[in-house]
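Colleague: The structure under discussion is supplied below as structure tokens; questions concerning it will follow.
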Amino acid sequence: MEKLLYGVAYYDEYMPYDRLREDIRMMKEAGINVVRIAESTWSTHEPQNGVFDFSHVDRVLDAMHEAGIQVIVGTPTYAIPTWMAKEHPDVLAVTAKGPGQYGARQIMDITNKTYLFYAERIIRKLIGHVKDHPAIIGYQTDNETKHYDTSGPNVQLQFVKYMRETYGTLDEVNRKFGLDYWSNRINSWEDFPSVVGTINGSLGAEFAKFQRKLVTEFLAWQADLVREYKHPHQFVTQNFDFEWRGHSYGVQPAVDHFQAAETFDIAGVDIYHPSQDNLTGAEISFCGDMARSLKGTNYLVIETQAQAFPQWTPYPGQLRLQAFSHLASGANMVAYWHWHSIHNSIETYWKGLLSHDFLPNPVYDEAKTIGQDFERLSEHLIDLRKRNDIAVMVSNESLTALEWFKLPGGKTYNDVVRWMYDELYKLNASCDFIPAAYENLHNYRMIVVPALYAVSDETLKKLNEYVRRGGHVVYSFKCGFANEQVQVRVSQQPGIIQEACGISYSMFAEPSNVRLSGDSFDPTEESSGVHTWMELITPTTAKVLAYYDHPYWSRYAAVTCNRYGEGTATYIGCMTSGSALSKVLKQVLKEAGLRGADQELEFPLIVKSGINRQGRIVRYYLNYSNKPVDFVYKHGAGQELLHDVPVAAGQLLELAPWGVKIVME
Amino acid sequence: MEKLLYGVAYYDEYMPYDRLREDIRMMKEAGINVVRIAESTWSTHEPQNGVFDFSHVDRVLDAMHEAGIQVIVGTPTYAIPTWMAKEHPDVLAVTAKGPGQYGARQIMDITNKTYLFYAERIIRKLIGHVKDHPAIIGYQTDNETKHYDTSGPNVQLQFVKYMRETYGTLDEVNRKFGLDYWSNRINSWEDFPSVVGTINGSLGAEFAKFQRKLVTEFLAWQADLVREYKHPHQFVTQNFDFEWRGHSYGVQPAVDHFQAAETFDIAGVDIYHPSQDNLTGAEISFCGDMARSLKGTNYLVIETQAQAFPQWTPYPGQLRLQAFSHLASGANMVAYWHWHSIHNSIETYWKGLLSHDFLPNPVYDEAKTIGQDFERLSEHLIDLRKRNDIAVMVSNESLTALEWFKLPGGKTYNDVVRWMYDELYKLNASCDFIPAAYENLHNYRMIVVPALYAVSDETLKKLNEYVRRGGHVVYSFKCGFANEQVQVRVSQQPGIIQEACGISYSMFAEPSNVRLSGDSFDPTEESSGVHTWMELITPTTAKVLAYYDHPYWSRYAAVTCNRYGEGTATYIGCMTSGSALSKVLKQVLKEAGLRGADQELEFPLIVKSGINRQGRIVRYYLNYSNKPVDFVYKHGAGQELLHDVPVAAGQLLELAPWGVKIVME
Amino acid sequence: MEKLLYGVAYYDEYMPYDRLREDIRMMKEAGINVVRIAESTWSTHEPQNGVFDFSHVDRVLDAMHEAGIQVIVGTPTYAIPTWMAKEHPDVLAVTAKGPGQYGARQIMDITNKTYLFYAERIIRKLIGHVKDHPAIIGYQTDNETKHYDTSGPNVQLQFVKYMRETYGTLDEVNRKFGLDYWSNRINSWEDFPSVVGTINGSLGAEFAKFQRKLVTEFLAWQADLVREYKHPHQFVTQNFDFEWRGHSYGVQPAVDHFQAAETFDIAGVDIYHPSQDNLTGAEISFCGDMARSLKGTNYLVIETQAQAFPQWTPYPGQLRLQAFSHLASGANMVAYWHWHSIHNSIETYWKGLLSHDFLPNPVYDEAKTIGQDFERLSEHLIDLRKRNDIAVMVSNESLTALEWFKLPGGKTYNDVVRWMYDELYKLNASCDFIPAAYENLHNYRMIVVPALYAVSDETLKKLNEYVRRGGHVVYSFKCGFANEQVQVRVSQQPGIIQEACGISYSMFAEPSNVRLSGDSFDPTEESSGVHTWMELITPTTAKVLAYYDHPYWSRYAAVTCNRYGEGTATYIGCMTSGSALSKVLKQVLKEAGLRGADQELEFPLIVKSGINRQGRIVRYYLNYSNKPVDFVYKHGAGQELLHDVPVAAGQLLELAPWGVKIVME
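Chains as they are written, first to last, in the UniProt record's numbering: chain A, 1 to 665; chain B, 1 to 665; chain C, 1 to 665.
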């Protein structure tokens with residue numbers, strides 16, 4: 001990146017009347033310097049089978065270039081044209097819910113060869129057509145790609161072949177996947193049933209992994225195609241999204257982000273989050289940390305909200321707070337979905353920077369200040385290098401396994417991930433994400449491991465070794481319970497890590513009227529409540545941080561900490577309140593030497609920092625509340641960049657409601 | 001009508017033993033003077049394909065005639081016989097849920113030619129057979145007809161032809177329906193996909209409109225058939241029903257009542273409403289006002305409840321109150337569904353006037369008093385002419401559009417309609433309903449417009465002009481937002497009517513902890529709460545009646561009133577409590593000169609009035625509460641008809657709990 | 001039985017490694033003396049079509065026999081192998097939800113001849129192979145057999161034939177099933193539609209009865225097959241289960257237990273119940289009473305919970321309390337599902353006696369004490385004869401009918417059954433279950449009849465006669481309402497039994513703010529509340545025990561009692577609190593002379609008794625609470641068996657929390 005990118009998605013195709021010149025004029029006024037185009041409009045590019053028309057693309061490229069606005073071009077493959085659905089109904093994915101129906105995007109079988117034939121042709125035609133245009137800085141392949149649960153007979157056949165390649169023999173499959181149970185044993189490859197109806201979570205989880213592999217392969221195939229055309233200065237990216245609960249929530253179930261990201265030059269993500277009174281910044285931080293971790297460097301926020309839903313219409317100041325929060329996590333681009341609100345169809349109420357009337361409005365006016373600041377401060381804020389001592393270990397396999405074996409109350413993997421991540425966030429304990437297969441654990445001084453339920457022996461041993469050599473691990477309940485085929489370990493629990501944790505358990509319960517008791521936990525307090533899950537832990541060498549307060553289970557430990565070799569392993573055997581978890585995390589942070597001046601500040605005052613291109617420390621102070629807050633600046637003298645005023649060590653700084661300050665030391 | 005009709009639905013076919021004579025004896029005792037027959041019993045009329053047997057019909061006609069009870073004969077087409085389903089499975093409607101299954105009524109494709117062949121034959125046979133019978137006063141075509149979401153391939157084909165006829169070219173279709181979005185563009189008529197899976201609300205809404213058209217055509221076709229046989233003194237009617245939420249609730253989504261009613265001589269409806277402690281009379285009034293408005297004159301209540309569900313078993317007095325409430329809205333007939341309770345199948349607990357034991361019971365006993373009063377007072381109460389100065393403008397198109405774009409909390413069009421209607425009702429502000437296409441707005445002094453979301457420029461301009469020339473309009477939020485293809489207007493909002501309203505907005509939000517503040521609204525009061533929706537309104541020439549009480553949005557108006565030309569336009573930009581809305585309505589009523597003596601009384605004391613055949617004013621006083629109420633009669637001297645006592649101007653009148661008085665001036 | 005059986009289900013096939021010797025060692029240590037095997041593992045027994053391998057069975061039989069552990073062998077037919085699903089997809093049941101999918105157990109069409117061919121072959125092969133093994137004491141046919149809603153075209157065809165055989169003519173069918181309604185009349189057998197879509201509850205209920213008949217026939221067919229091989233000393237049983245609401249709840253909807261049990265030598269059941277703070281013993285008692293009633297003698301608890309779900313992990317003492325509670329109801333075997341926890345697939349969290357780690361744990365340790373006590377006390381506790389004076393009359397037909405006609409709030413038949421049963425249980429009023437067709441009512445002094453909604457004239461007359469000759473009946477609301485074709489009676493209600501009850505009603509309502517008032521009921525008390533249903537009863541000769549407290553319905557009776565002949569008939573016309581019902585039951589128990597010393601004790605102190613083989617009275621005292629309780633022992637001197645100490649008449653006995661004492665007089 002040569003400069004901070006401030007962008008929007010732009011659809012000339014959807015315009016009710018010709019607005020290109022006026023839109024560009026208003027974009028320039030707002031400091032918009034990049035647009036993303038073309039990723040949803042296959043039926044405009046190819047109105048009939050084999051008939052191509054790139055006039056919209058051409059005119060936008062030319063006009064943007066003339067105005068000095070850069071362009072990211074998307075391949076349009078995630079929404080198929082009507083002619084394809086009519087000519088080849090088999091391109092629609094057959095899922096567990098039955099055959100597909102035309103209408104929405106993301107309804108095709110990404111393994112269907114007819115679809116792939118047309119996808120390849122439009123990619124070659126479009127990218128071949130535009131590749132030399134000077135406006136283009138990069139390409140996005142497809143959009144928010146997932147496997148759409150494609151699981152028809154052809155996919156089942158591929159899965160059988162995958163199983164044979166992976167496991168060799170049916171004896172191995174039967175044994176590893178426990179197929180004797182309920183007479184599910186397969187004794188001839190021809191008998192392999194569709195897994196759509198399976199009740200075997202091991203097999204179901206393997207199929208989900210196979211489906212995620214289809215996504216990785218599909219994206220790599222697209223990226224390779226694009227690379228045949230692209231110039232060296234142009235990047236290829238993808239717009240990854242997250243588990244969706246009305247907003248970006250957690251680890252994406254349908255894609256292995258770490259594997260899928262390998263093929264790309266730079267990671268792109270979309271980040272949507274609650275707003276108004278519910279704006280906390282946690283999702284901006286979570287998704288940003290994930291995006292940064294995928295390639296270990298800066299990333300693009302390809303989509304985030306401008307006005308979006310009625311319940312998200314931002315309060316004054318929030319759009320600015322959000323934009324700088326993205327930068328604070330390492331983003332080099334902040335782009336809105338989308339420029340203008342669309343006048344009909346399903347996303348009518350997902351509003352853009354402009355309302356349907358295309359007129360300036362308070363949100364657009366606030367964007368103008370952001371655009372100006374981005375431009376003015378680009379050299380200081382771009383390419384923020386972040387070096388974190390804490391990692392959160394995440395696992396698609398554990399996520400899927402816990403979909404099969406939901407926690408009481410329907411709680412899932414991401415509930416545990418967010419429970420732990422959010423407390424780190426509130427403590428200003430900045431972190432990366434790592435996959436379970438991550439090798440260099442010693443890059444970190446502390447690793448937080450939520451619900452690592454389905455995991456290989458190797459990973460668990462690696463974690464033990466990490467502790468032995470001085471690392472600090474915090475495990476939640478359910479860690480190590482099953483192996484990578486979602487077979488529960490036959491040892492005592494927590495499997496393998498019991499060595500480092502110095503505990504064991506073989507029983508567990510759903511808590512009812514259970515609280516924590518211990519030196520730091522007063523069972524009479526509401527915040528000591530335990531819910532969802534509790535393991536009845538017996539310490540061997542571990543120190544007990546909390547017991548259960550309960551008539552029958554008070555002799556079991558709830559939270560333990562064990563010194564093992566040079567490090568410590570903390571185990572939290574139950575789901576607690578955020579504040580109880582926070583107490584535990586603080587102790588480990590302290591033990592790991594990770595409680596600096598910034599960690600004395602806590603949510604709603606968020607601090608994020610990094611090193612800029614000039615090698616100077618840049619610290620973002622973000623006020624996620626509707627009240628002013630102040631704090632003593634405890635670092636070396638510097639400059640507050642937004643207001644361009646000097647800041648002295650020890651100076652009291654004040655943040656307005658939803659306010660931001662950026663101090664460069 | 002020569003006299004007030006007091007009736008029941010009667011099914012000789014369903015009788016466990018021969019009861020005809022005894023039933024007629026008991027009917028006579030209760031003053032029942034009309035029965036409706038034959039509308040559900042095709043399989044009895046035509047036990048095998050082409051074999052006809054009208055013996056049940058004949059014997060009932062003869063016996064009723066002998067007893068002086070008149071008969072309405074229904075065509076039996078809404079429930080097909082088993083032989084038809086077996087011989088022609090394709091008559092079952094294919095819907096968005098898949099192929100149909102035999103069992104229930106209302107499961108056929110009303111466009112299927114095989115079905116229509118058989119329907120025509122049974123209509124010709126039945127009506128041809130009975131037409132000269134002296135007992136018959138009229139015919140009902142089909143029953144509670146809707147389109148049953150018929151949307152199989154044949155219906156999709158008809159829809160494509162309809163689209164071509166209506167819009168001419170695909171370019172026009174693509175543009176008007178915004179099909180470029182998500183690659184939904186259609187570039188060849190052959191490519192037109194089934195709209196069952198569409199995510200394009202514009203297209204989906206057009207299909208719903210097309211489906212409603214199928215109902216209009218089907219009913220007109222039936223009525224034309226019947227008219228080939230009927231005598232001039234016999235009427236043709238239809239039994240329309242309403243949006244169903246466990247009871248009649250609002251505008252019917254699947255039928256355009258105004259269009260469908262055109263073919264009929266008189267409107268008929270069924271009205272079911274909450275009872276016991278939840279009886280308010282609002283549904284009786286709502287459905288009655290709609291029925292009356294369809295043909296601009298008196299109507300038939302073809303079905304209403306006697307005992308019905310266990311939760312509706314009426315308290316003493318309620319059946320009387322209900323019956324006279326129907327008359328007060330302009331009904332010329334009140335008929336129960338049904339005479340006796342059915343002993344098995346799905347409506348076993350939808351009880352009739354008689355329980356399953358056919359014996360007199362308290363409800364039947366109360367009906368006897370009604371029958372006597374109807375007969376005694378028929379000449380005074382029949383053909384009540386009602387001339388209202390207020391109209392509520394309703395729109396099937398807006399209803400469908402808001403199904404696609406539901407309000408937060410899942411609230412829909414009818415929630416807004418009832419929110420506004422119910423407050424008018426409680427204020428005794430009597431009204432008609434008019435469709436958006438209604439031409440003679442100046443027949444009214446005040447028009448209330450709930451959520452007129454999808455509406456043509458013409459209608460909005462007509463409303464502006466109406467105000468300019470002296471009319472008073474009250475708009476809710478969401479009015480004018482989109483055009484007739486559910487495309488959001490590209491102008492500022494509220495599109496076009498902003499001229500008369502003197503306001504504009506381009507942003508909106510879902511309120512959380514928001515209240516009204518203003519001269520008439522105290523933000524500390526519960527009743528000032530705002531929920532579901534709020535538009536951030538900036539007045540241009542309008543006077544602000546209420547602002548939002550909120551930390552960030554207090555500068556925006558919530559409720560405004562604008563003098564425009566000779567009239568006023570009031571705009572309510574958010575959903576408020578009933579009592580807050582009531583305050584606004586009262587101001588407009590006052591402005592429009594519509595606050596008379598009757599409007600000083602309020603719910604639970606309901607007043608309805610009209611002019612009878614003799615040209616005398618008849619006023620119904622209805623006590624919708626379980627406590628006695630009294631009030632001062634402020635009109636000219638008259639006679640209280642039920643007790644046949646004189647009433648003087650200024651006299652204090654008392655109503656018993658659930659009591660009724662009818663004063664003829 | 002020669003001794004009390006203490007058992008587990010055991011699956012050598014599912015073991016992650018060879019554990020047979022070690023498992024047997026641990027079983028012996030816990031006093032386990034019987035295992036059930038082979039009922040879920042067809043694909044292991046017959047890995048390919050026609051290839052058989054009983055090596056797992058053989059090795060387990062040999063090893064168990066060597067250890068002195070007896071074995072029950074199950075036929076493996078309830079879970080089909082993959083090869084069968086692939087070779088013959090038509091064996092999968094087509095249900096109301098559509099075609100079946102392979103994966104789970106219990107998915108086949110139990111009438112499919114291909115399935116039956118294979119089922120017969122595996123039964124003959126397996127049982128023929130093992131029949132002479134000395135370890136085997138009995139066989140279980142299939143498992144938790146139901147009809148799985150098989151209702152495809154072939155089943156519909158069978159149903160039509162069944163209807164013709166049962167009712168002879170279509171005229172009879174049309175009349176008895178009220179098919180004229182909504183044009184459902186069938187005038188030619190060929191026209192008989194699939195009943196999957198029917199809205200006629202009479203027809204739907206008949207189909208459900210037909211489906212239950214399929215289960216009875218299937219089980220009898222299996223039992224006959226097994227009997228061709230079994231030795232005289234070996235029994236044939238079935239593992240019946242109950243309506244499932246997260247645990248065993250009530251009468252099984254899909255099986256007529258009384259009819260299905262006829263073919264078996266001894267009844268077996270599985271019983272799962274809430275635990276921890278929610279352990280009341282009510283389900284153990286309910287299911288045990290049902291199991292005992294099926295064959296009128298002792299029964300086997302083939303499955304019950306050890307650790308099971310996280311929310312059921314037993315508190316210390318609960319496993320013992322449960323085990324002896326089973327014996328107290330007449331069980332001769334208590335067996336856990338299952339020995340060890342399974343390491344993957346759908347029942348991973350349904351934990352056995354051992355956790356996944358196979359190590360001793362607190363639950364296993366408690367089981368050891370049970371095993372020792374069972375062995376030591378077997379001669380005293382086995383074959384407990386129970387002679388009850390109270391029966392609860394239950395009816396699959398009424399259950400199904402009330403599925404079609406649900407009570408308000410979605411309440412069903414079993415809600416009424418459990419409402420009544422649970423109060424008897426709490427009063428220590430020990431009872432049997434009898435079907436509606438039961439002949440010898442005079443075996444009982446009191447019969448409780450919950451919601452006997454769909455019932456023949458004969459049964460009701462028999463109940464009248466029972467009262468006349470001195471019996472005491474307690475009816476709930478809804479009794480006698482409809483006949484066996486779910487046709488509401490045309491008489492006044494309650495049909496036929498109004499004679500014995502001395503009441504009538506023809507109206508009913510859903511209560512809202514209604515309470516009982518009367519000598520024993522104070523309407524100001526919470527416990528006098530009435531919910532769900534109320535019948536507006538007029539007494540003829542009955543004494544009113546309670547009226548309704550309500551502004552409009554206070555003149556109607558809620559609860560009545562009538563002396564009729566030598567007996568009494570009590571009628572409870574509404575759903576009350578448990579404590580209000582308890583008051584009524586106590587009065588009847590007193591009247592019937594059924595309030596002895598044990599009935600002075602009440603829940604949580606449960607008393608159960610019977611006569612042992614030696615003819616001595618054995619009394620179980622069971623403390624279903626987490627607090628100690630004491631009581632005065634009011635019977636003759638005896639011995640407390642568990643602690644082997646003498647007990648004197650009048651002695652104060654104390655029970656620990658969740659404690660048990662067993663006194664043999």
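Using N, Cα and C, we set each Cβ at its ideal position, and we do this for glycine too.
Looking at the unbroken beta strand (DSSP E) that takes in residue 249/A, where does it start and where does it end?
Modeller: Unbroken beta strand (DSSP E) run through residue 249/A: 248-250.
Colleague: Over what stretch of residues does the beta strand (DSSP E) that includes residue 224/A continue unbroken?
Modeller: Note, residue 224/A: premise wrong, no beta strand (DSSP E); alpha helix (DSSP H) at 201-227.
Colleague: At what residues does the alpha helix (DSSP H) containing residue 160/A begin and finish?
Modeller: Residue 160/A -> alpha helix (DSSP H) spans 153-167.
Colleague: Pull out every residue of the stretch 35-61 of chain A whose Cβ sits closer than 7 Å to any Cβ of chain B, in chain order.
Modeller: Within the stretch 35-61 of chain A, the residues whose Cβ lies closer than 7 Å to some Cβ of chain B are 40, 41, 42, 43, 44, 47 and 48, listed in chain order.
Colleague: Counting beta carbon pairs with one atom in the stretch 204-215 of chain B and one in the stretch 488-504 of chain B, are three or more of them shorter than 8 Å?
Modeller: As far as the Cβ criterion goes, the stretch 488-504 of chain B does not touch the stretch 204-215 of chain B, which means the pair count is below three.
Colleague: At least one CB of chain F closer than 8 Å to the CB of residue 277/C: is that the case?
Modeller: Here chain F cannot be found, since the structure's protein chains are A, B and C.
Colleague: Do you know how far the Cα of residue 156/C is from the Cα of residue 163/C?
Modeller: Roughly 10 Å separates the two Cα atoms.
Colleague: As an exercise, report each continuous alpha helix (DSSP H) stretch of at least 4 residues that is fully enclosed by the stretch 18-90 of chain B, in chain order.
Modeller: For the stretch 18-90 of chain B, whole alpha helix (DSSP H) runs of length 4 or above, ordered along the chain, are 20-29, 42-45, 55-67 and 82-87.
Colleague: Does the separation of the CB atoms of residue 380/B and residue 641/B fall below 8 Å?
Modeller: Yes.
Colleague: Quick one: which residues of the stretch 396-414 of chain C get their C-beta closer than 7 Å to a C-beta of chain B? List them in chain order.
Modeller: Answer in chain order: 405 and 408.
Colleague: Please give the ranges of any beta strand (DSSP E) in the stretch 543-586 of chain B, keeping only runs that are unbroken, at least 3 residues long and fully inside the region.
Modeller: Complete beta strand (DSSP E) runs here, min 3: 543-549, 557-564, 567-572 and 574-576.
Colleague: Considering just the uninterrupted stretch of the alpha helix (DSSP H) at residue 295/A, what are its terminal residues?
Modeller: Per DSSP, residue 295/A belongs to the alpha helix (DSSP H) from 282-295.
Colleague: Verify the CB distance criterion: does residue 644/B have a CB-CB separation below 8 Å to chain C?
Modeller: No, residue 644/B lies away from the interface with chain C (no Cβ there is under 8 Å from its Cβ).
Colleague: Let me check understanding here. Comparing Cα to Cα, which of 369/A, 242/A, 248/A and 266/A lies closest to residue 255/A?
Modeller: The option with the nearest alpha carbon to residue 255/A is 242/A.
Colleague: Extract the residue ranges of the alpha helix (DSSP H) inside the stretch 395-468 of chain B, only unbroken runs of 4 or more that lie entirely within it.
Modeller: Correct list: 396-404, 413-426 and 457-468.
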